[in-house]
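To start, the structure under review is shown below, and the notes come after it.
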Amino acid sequence: MAGNRFRYGQWRGGPDPLAPPYDVRAAVDSVGAEVLAGGSLREALRDLLRRGPQGRGGLEDLAARARRLRREALRRGDLDGAVTRSQALLDQALAAERDELRGRADDDARFAEAVLDNLPRSTARAVQELAGYDWASDEARQTYQRILDGLRGEVLEQRFAGLRDAARAAADPAAQQQLAEMMRDLNDLLARHARSEDTTDAFAEFMRRHGEFFPERPETVDELVDVLARRAAAGERLMRSLSDRQREELAGLMRQSLGEQLAGELSALDAHLRSLRPDLNWQRGERVRGDQPLGYGEATGALGEIAELDELLDSLDQEHPGATVDDVDVDAVARTLGRDAADDVRRLRDLERELRRQGWVTRDADGLTLSPKALRRLAGTALRRVFADLTAGPRGQHDLRSAGAAGEVSGASRQWEYGDEQPLDVVRTLTRAVRRAGPTVPVQLAVEDFEVVETERRASAAVALCVDLSYSMISQGRWGPMKQTALALSHLMATRFPQDALQIVGFGREAMPLTQQELAAVEPDMQQGTNLQHALRLAGRHLRRHPGAEPVVLVVTDGEPTAHLDPDDGEALFHWPPLPETIEATIREVDKLTRYGATLNVFMLGDDPGLRRFVDAVARRSRGRMFTPDLDDLGEYVVSDYLRARHGRR
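In terms of this note's numbering, the sequence shown has 849 at position 617, counting the first letter as 1, and numbering is strictly consecutive.
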C-alpha cells in the first residue's frame, strides 16, 4: 500500500522467532567421545564449559584473560602515591613560604622560619602541625590547602561516585555539611537494616533526598549496601597493602583532610558496611608495584578492579559444589573483559540451560552428569562403533533401527489391545482403515483399525558382565575400551533383546553392581586389588534371580585375582603375590557358577603370565572360553560372544 511507513528495529518480544532450534547434540557427542576414550564423565562435562564448544570461547579462555588483567593491575603503579603527592605539595608550600620569609627582616619571620625548621619528618604530622600556622605566602597557603582539599576530594569521590564535583565539595563548607547530613541519614538507615527492621519507606525517602550521590540508582537497601561495601573494602585493602609507616601516614592525612565530623561519619559507615557484608575480603592486601604514583582514588580503583577480577575468577573456575555458568556475573564480565567476553558467557549459559532443558544432563550435589537420555545416545554410539567392526555373517541382525519387540515374527497379526508391545502391522492397519472409512486422503485412523504382528517368545538370557575397575586398567589405557564395551552391550540388550537381563558388576578391591549411568561416571579405584571372587558372587546372585534364563557370565580383566572377601567378617583382603586362599575362594565361585550351568568366558587384556595361567585353569574347569583380544577389538569380541552364548546349553 503506497504511502505506508514501516519502522524496523531489534526484536524485543522474547527469543528470536526466526532463530534455528538450539542443537546441543554435538556437545553431548563430544562429551561422550571423551568418556568412551577413558576420560572422566564429570571432567568431560566441566571441560565442555571450560573450553567451550569446538574448543572456543570457554570459561578457561575467559579466566586466562582475567588473570592477565589482574597481573597488569598489579603493575599499575605505586599505592603510596597519595602520601608521595602530599609530601611533594608540602615541600612546594614550605619552599614558597621560606622564600617569602627570607625577604622579611622582622622577628615574626625568624620565628616562623624556626617553626618550619622544626616540623616533624612525618608528612601527616607536619600537615597536622601546620593546621593553625599563619602563612605569610598566599602561594604557600593555597598549596597547603590543595593537600587537604585534594585528598578529601579523592576520598569522597571514591566512596560516593555521584559526587562529581568532588573538589568543590571538598572545599565548600556548605557541601561538606550536606555530605555529613547524608552520611548521618545513611548510617541511620543501615543501622535499622542491620536490626532487620522494615526499611522500605525509609530507603525511598533516603533516595529522594540524597539520590544524586548514587548514580547507580539502587532499588533496594541491599543493592545500596553492595555498592558502598565494595568501595569501602577497596579502601580498607589499600590500607592493608601499605607498609606500617605508609599506612600511618595516609591515615593521618585522611583524618586531617576530612575533619572530625566527616571522618567520624565515614568510620561509622565503614563499620556498618563491614558487618552487613563480611563476605567481602576486607583483610587482604596486594603487592601492587609500578613507577607511576597512584592517588587515593586511582589506588583504590586498582584494588577494587583486582577484587572484582578475583570474584570473577572464583566464579569462572567453577570449583565449588553445585557451580553453574549462571553463577558468573555477566555484567561484571562485560565491565572487566568486554562485551565479546560477556557474549561468550551468555552462549555458555544458553548451552548449559539447553542441555538441562532438553534433558541431556541433570544436576546432583556434585554438579552436572549425563541424563539417561544422553547415556542411551552414548551407549548407542558405542554399539555402532562395535557393529562397524563386525563382519556380516551368522551373528544375526545388528541394525538397531529395525529392532522390534522381544520375539520372532510368526507371520500372523491380530487387533491391537491396550498394553501390547508388539510391532504394528502397518499394511493391515491401513487396509482396515480404508475398508472402514473409504479411500480418503489422508487416511483417517481409528483405534479399532490398529493391528499388531504376533510374535513368538524368544529364549531369554541372564547376563552378568564383570568389568575390572582396578587402577591398572586406566594406567594401561584399557579404561575407555572397557567402558565402551559395557555400554555397547547394555544398549544392545535394551534395544534388541529387551527380554534379557543384564547386570554390570565392577570390581577392584571389592565388587559392586553398576547401572549404566554409574558405569559412565565411575572413576578408577586407587586401591590395589582385583577381587574377582566378589564379582563372581554378585554375578551368581543375578543369575539366580532369573532361573528360567540362559545364564551367561562375561569377565573383562587385566590381572589375576589378588583380593577376596574374608569369610569371617566380609572384609576384602589384598595380597601380592596372590595368596592360595584368594585363588581357592575365586575357584569356589567359579565352581558354583559351573554347577548352575552358566557359560563363563573371560576376556584377558594384556599378557600377565599369572592371569593367563589362572584363566586357562578357569576355562578348563568351567568349560568356558578364554579370549585375548586387542583393545580395539574388545567390544567386537564381547558382543559377538554374548550373541553366541545367549543361545547356550539350556
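For each residue, glycine too, the CB sits at the ideal point set by N, CA and C.
No experiment lies behind these values; they were computed from the predicted model shown.
Measuring alpha carbon to alpha carbon, tell me which of the options ends up nearest residue i.
i: Asp-864; options: Gly-270, Asp-417, Val-263, Ala-259; result: Gly-270
i: Gly-536; options: Asp-523, Trp-514, Arg-617; result: Trp-514
i: Arg-608; options: Arg-237, Gly-241, Arg-257; result: Arg-257
i: Arg-441; options: Glu-413, Leu-422, Glu-429; result: Glu-413
i: Glu-492; options: Gln-409, Arg-853, Glu-304; result: Gln-409
i: Leu-380; options: Leu-490, Val-871, Arg-852; result: Leu-490
i: Ala-358; options: Ala-566, His-778, Gln-319; result: Gln-319
i: Thr-355; options: Gln-735, Glu-782, Pro-779, Arg-479; result: Arg-479
i: Gly-740; options: Ala-295, Val-699, Arg-776; result: Val-699
i: Arg-462; options: Arg-282, Arg-509, Val-822; result: Arg-509
i: Tyr-528; options: Leu-498, Arg-317, Arg-353, Gly-599; result: Arg-317
i: Leu-348; options: Ala-337, Glu-329, Leu-548, Ser-692; result: Glu-329
i: Leu-294; options: Ser-547, Thr-452, Leu-268, Leu-411; result: Ser-547
Straight-line CA distance for residue i to residue j?
i: Arg-761; j: Val-737; result: The sequence shown places Gly at residue 761, rather than the Arg named in the question. Using only the alpha carbons, I get a separation of about 15 Å.
i: Ala-606; j: Val-695; result: 24 Å
i: Arg-589; j: Gln-765; result: 43 Å
i: Ala-877; j: Val-784; result: 7 Å
i: Leu-837; j: Gly-517; result: 56 Å
i: Asp-563; j: Ala-573; result: 10 Å
i: Leu-797; j: Thr-826; result: 20 Å
i: Arg-384; j: Met-486; result: 7 Å
i: Thr-661; j: Glu-683; result: 5 Å
i: Trp-367; j: Ala-346; result: 14 Å
i: Tyr-365; j: Gly-443; result: 39 Å
i: Ala-500; j: Gln-360; result: 23 Å
i: Ser-507; j: Glu-429; result: 16 Å
i: Leu-786; j: Met-858; result: 10 Å
i: Asp-331; j: Gly-484; result: 28 Å
i: Asp-397; j: Ala-276; result: With a pLDDT of 48 at Asp-397, under the threshold of 50, the modelled position of this residue cannot be trusted; read the value that follows with caution. Answer to the nearest angstrom: the Cα atoms are 53 Å apart.
i: Asn-419; j: His-504; result: 7 Å
i: Glu-868; j: Ala-614; result: 11 Å
i: Leu-751; j: Val-593; result: 16 Å
i: Pro-525; j: Ala-314; result: 8 Å
i: Pro-809; j: Arg-773; result: 29 Å
i: Ala-781; j: Leu-768; result: 18 Å
i: Ala-296; j: Gly-290; result: 10 Å
i: Thr-860; j: Asp-840; result: 11 Å
i: Asp-823; j: Leu-875; result: 24 Å
Between which residues of its own chain and residue i is the CB-CB distance below 6 Å, once the five residues before and five after are set aside?
i: Thr-532; result: Gln-390, Ala-466, Gly-467, Leu-470
i: Glu-448; result: Val-459
i: Ser-707; result: none
i: Arg-595; result: none
i: Ala-363; result: none
i: Ala-620; result: none
i: Phe-392; result: Phe-445
i: Val-618; result: Ala-720, Gly-867, Glu-868, Val-871
i: Asp-502; result: Ala-464
i: Glu-371; result: Ala-328
Which residue comes first and which comes last in the alpha helix (DSSP H) that contains residue i?
i: Ala-534; result: 528-549
i: Leu-508; result: 476-508
i: Gln-319; result: 313-334
i: Gln-360; result: 355-361
i: Leu-746; result: Not the alpha helix (DSSP H): Leu-746 falls in the beta strand (DSSP E), residues 743-746.
i: Arg-595; result: Not the alpha helix (DSSP H): Arg-595 falls in the beta strand (DSSP E), residues 593-596.
i: Gln-374; result: 370-391
i: His-552; result: Element bounds for His-552: n/a, residue is neither H nor E.
Below 7 Å CB to CB, which residues in the same chain sit around residue i once its five sequence neighbours on both sides are set aside?
i: Met-705; result: Trp-711, Met-714, Pro-756, Asp-790
i: Leu-474; result: Leu-311, Asp-312, Leu-482
i: Trp-648; result: Phe-682, Glu-683, Val-684
i: Leu-351; result: Ala-358, Glu-361
What does a CB cutoff of less than 8 Å around residue i pick up in its chain, not counting 5 residues either side in sequence?
i: Arg-424; result: Thr-431, Ala-434
i: Asp-542; result: Arg-302, Asn-513
i: Thr-568; result: Ala-298, Leu-301, Glu-537, Glu-540, Leu-541, Leu-544
i: Gln-749; result: Thr-601, Leu-602, Pro-604, Leu-607
i: Gln-676; result: Ala-665, Ala-669
i: Gly-522; result: Arg-307, Arg-308, Gly-309, Asp-310
Just reading off the beta strand (DSSP E) that residue i is part of, what are its end residues?
i: Leu-786; result: 782-789
i: Met-758; result: Run containing Met-758: none; DSSP gives neither H nor E here.
i: Asn-419; result: Unbroken run through Asn-419 is the alpha helix (DSSP H), 405-426; no beta strand (DSSP E).
i: Ala-693; result: 693-700
i: Thr-601; result: 599-602
i: Arg-449; result: First-last for Arg-449: undefined, no H or E at that position.
Would you call the region 574-593 and the region 721-732 touching, i.e. three or more CB-CB distances under 8 Å? no
Evaluate the contact criterion for the region 582-595 versus the region 827-840: three or more CB pairs, one atom per stretch, below 8 Å. no
Three or more beta-carbon pairs under 8 Å between the region 374-381 and the region 317-327, yes or no? yes
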